[in-house]
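Numbering (the numbering used here), first residue to last: 6 to 677.
Using N, Cα and C, we set each Cβ at its ideal position, and we do this for glycine too.
Reading through the structure tokens given below for one structure.
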Ligand code: GLA
Ligand code: GLA
């Protein structure tokens with residue numbers, strides 16, 4: 006948590022200044038002749054843009070030679086925007102160290118795991134531990150902050166871009182930094198040798214200097230070392246972030262600071278990061294043609310909202326149309342841009358912003374879509390962009406409000422990292438896939454979900470879903486156990502509670518008591534193999550991927566494996582524990598059965614869906630507003646609980662309303 010208690014105030018001030026939701030995108034005027042700027046600003050006004058991110062990769066444009074600063078162009082841009090009612094999310098350009106720095110100090114370039122060094126020619130080519138990089142970044146940020154601290158355009162600080170750049174630098178400077186980090190964490194070498202289990206394969210270290218980042222090895226690397234290196238990499242980048250943030254804070258204590266996250270991204274522990282910033286910002290790039298793109302998007306929005314305890318987040322980047330990073334980059338079908346933008350707002354975003362304002366004519370991303378496409382303003386995309394801006398103005402009353410959730414899902418990065426290392430019973434068990442499988446039925450049923458860290462305060466939730474919490478600390482295991490003891494309901498899937506934070510086997514399993522089962526063996530099923538599950542309360546279903554070989558020790562058996570080489574044995578159990586229940590799923594259920602199990606448990610826990618709506622319609626309550634989002638290609642009729650008004654159309658509805666294919670309504674009324 007931030008110690009000065011200001012983040013709430015900083016964000017409230019931003020919201021007041023914008024008078025509602027933020028609308029805009031990355032604006033890169035340095036790519037264009039200055040005569041384009043006036044047209045940019047006129048079009049921004051036409052589209053209702055009120056916030057743009059400026060300067061993300063502009064280091065070489067602001068400091069073309071070491072110590073020579075050229076802020077004049079940025080001065081002119083920053084003067085132009087507020088005159089036109091547009092505020093600025095000013096970026097520190099530290100994700101793109103300039104060519105002169107690399108030429109003079111090639112050691113700034115990061116070294117990959119195979120020992121090769123990156124070259125200059127793209128972006129994010131910096132070693133987070135490099136003192137040269139850090140000093141250069143600090144000097145520039147200091148000047149930027151001093152120059153624009155009082156500027157009327159400045160509304161938000163955007164630090165760097167999409168940390169962490171490379172997935173762990175392996176250069177000697179990083180290695181030395183890693184050793185210092187380990188010495189801080191473990192204090193003495195014996196503790197490190199224990200934590201890393203170096204008695205295995207004779208890996209004992211006799212001195213700190215012998216330790217290195219995990220590199221190429223024959224076979225499998227030491228898993229404890231790998232997970233610690235992942236922790237260290239996150240911390241090294243976080244130091245870069247907090248160093249810049251502290252400079253910005255010193256100059257502008259009232260301006261909020263953020264950096265853009267990449268949704269459910271594996272490499273950084275965003276719980277730790279979110280605590281260091283004023284507002285969470287998200288870059289979200291769903292595939293336009295993914296049949297469950299709206300579900301993945303919803304999960305990402307819920308995660309971002311949850312990172313700061315349910316406070317609104319900022320959708321910092323999204324795309325108006327095709328991307329350029331996939332094999333085939335499809336255009337967004339008509340209506341999808343509108344629908345998905347409203348979905349972000351429904352789930353807690355106080356903004357809709359894009360990469361980028363005007364499509365670039367050159368460079369690596371010239372085929373990436375934009376608010377002003379290459380086709381110009383006589384285009385479908387521009388018309389949709391303009392219409393969206395007008396609608397978002399009508400949603401001003403939504404800004405700042407919260408989405409509440411009775412259901413929580415445990416989301417833990419260190420466990421994710423450890424789960425997906427090699428040398429496990431099955432390398433096909435993947436955390437995100439499991440989380441999505443458990444999220445999907447709740448999304449379909451319009452039951453809101455908040456993501457929580459395993460050690461978080463769970464008292465505000467009725468049901469906690471725990472997909473594959475493979476690694477868990479004693480404190481987190483006690484926390485989940487206490488939740489059930491105190492009357493909560495918990496559903497946990499297989500291969501949970503197996504190791505501690507060092508990836509050492511736990512015996513007994515961390516949740517054996519809570520679950521009332523004793524897992525003796527793991528039996529991953531073969532790729533096409535399925536088993537039959539016999540349920541005490543319903544038709545048979547199929548099990549895939551995994552079979553826990555377990556005994557019920559106090560738990561009620563809800564389903565048994567009926568066939569397979571191990572014969573009849575428990576598959577799904579429920580344990581009454583304290584005042585609550587703990588349900589355990591020792592295999593991968595099919596979608597229908599998982600849905601039934603989750604919804605029955607939710608219902609027993611007193612959880613109710615937001616609204617009763619046709620399949621494919623998403624209903625989300627945010628503050629006093631009910632969002633209805635029709636993700637189907639059919640027109641539907643939705644019953645509403647009483648007289649209400651649609652903020653988007655001003656139309657009053659008494660008991661039902663029609664939604665077009667891809668249609669949206671944002672309702673406000675007494676019973677809502
Ligand atoms: C080989 C090695 C052992 C052990 C086993 C199982 O036989 O000699 O040390 O690693 O494989 O992987
Ligand atoms: C990320 C980056 C942007 C841009 C977009 C599109 O979100 O932050 O600079 O590259 O992706 O690829």
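Per the DSSP secondary-structure output, residue 547 pairs in a beta bridge with 537. When beta bridges are read from the DSSP output, residue 553 appears opposite 527. Not one heavy atom of ligand 2 lies closer than 8 Å to the C-beta of residue 131. The C-beta of residue 642 has fewer than 16 other C-beta atoms within 10 Å across all chains shown, which makes the residue exposed. In the three-state reduction of the DSSP assignment, residue 162 falls in the strand class.
Where residue 104 is concerned, the enclosing alpha helix (DSSP H) starts and stops at 104-109. Non-local C-beta neighbours of residue 632 in its own chain, meaning closer than 6 Å and more than five positions away in sequence, comprise 351, 625, 671, ordered along the chain.
When the Cα atoms are used, residue 507 and residue 125 turn out to be separated by approximately 36 Å.
Remark: the shortest separation between the CB of residue 265 and any heavy atom of ligand 2 falls under 8 Å. Separation of the CB atoms of residue 342 and residue 393 is rounded to 7 Å, and the pair is thereby assigned contact status at 8 Å. Out of 176, 240, 485, 284, the CA that lies nearest to the CA of residue 519 is found in 485.
The beta strand (DSSP E) runs of length 3 or more contained entirely in the region 566-653 are, from start to end of the chain, 574-582, 585-590, 622-627, 630-635, 641-644, 649-651. Excluding the 5 residues flanking it on each side, residue 223 has no same chain C-beta neighbour closer than 8 Å. At a threshold of 8 Å, residue 409 does not count as near ligand 2, since its beta carbon sits no closer than that to any of the ligand's heavy atoms. Taking a C-beta distance under 9 Å as the contact criterion, residue 18 and residue 261 qualify as a contact pair.
Residue 328 carries a coil assignment under DSSP once its states are collapsed to helix, strand and coil. Counting along the chain, the unbroken beta strand (DSSP E) around residue 56 starts and ends at 56-59.
Here the distance from the Cβ of residue 167 to the nearest heavy atom of ligand 2 is below 8 Å. When the beta-carbon positions are compared, residue 79 and residue 53 stay at least 9 Å from each other.
Counting along the chain, residue 153 sits inside the alpha helix (DSSP H) bounded by residues 136-153. Checking the DSSP bridge columns, you'll see residue 263 partnered with 163. Shown here, residue 494 sits in a strand according to DSSP, grouped into three states. Taking C-alpha positions only, residue 447 is separated from residue 108 by approximately 53 Å. Taking a cut-off of 8 Å on C-beta distances, the region 570-578 touches the region 542-558, as three or more cross pairs fall below it. For residue 68, no beta strand (DSSP E) segment is defined, and its DSSP state is neither H nor E. Distance from the Cα of residue 347 is smallest, within the candidate group 395, 475, 517, for 395. Under the three-state reduction of DSSP output, residue 354 falls in the strand class. Here residue 309 carries a helix assignment [DSSP, helix/strand/coil]. It is roughly 55 Å from the alpha-carbon of residue 28 to the alpha-carbon of residue 525. In terms of side-chain proximity, the C-beta atom of residue 328 is found nearer than 8 Å to a non-hydrogen atom of ligand 2. Distance from the CA of residue 389 to the CA of residue 653, rounded to the nearest whole angstrom, comes to 15 Å. Runs of the alpha helix (DSSP H) spanning 4 or more residues and lying entirely within the region 377-455 occur at 385-399, 418-424, 436-449, in chain order.
From the listed residues 563, 296, 251, the smallest Cα separation to residue 144 is found for 251. Under the three-pair Cβ rule at 8 Å, the region 495-506 does not count as touching the region 449-461. DSSP places residue 288 within a strand segment (E or B) once states are collapsed to three. In the structure shown, residue 53 falls within a coil segment according to DSSP collapsed to helix, strand and coil.
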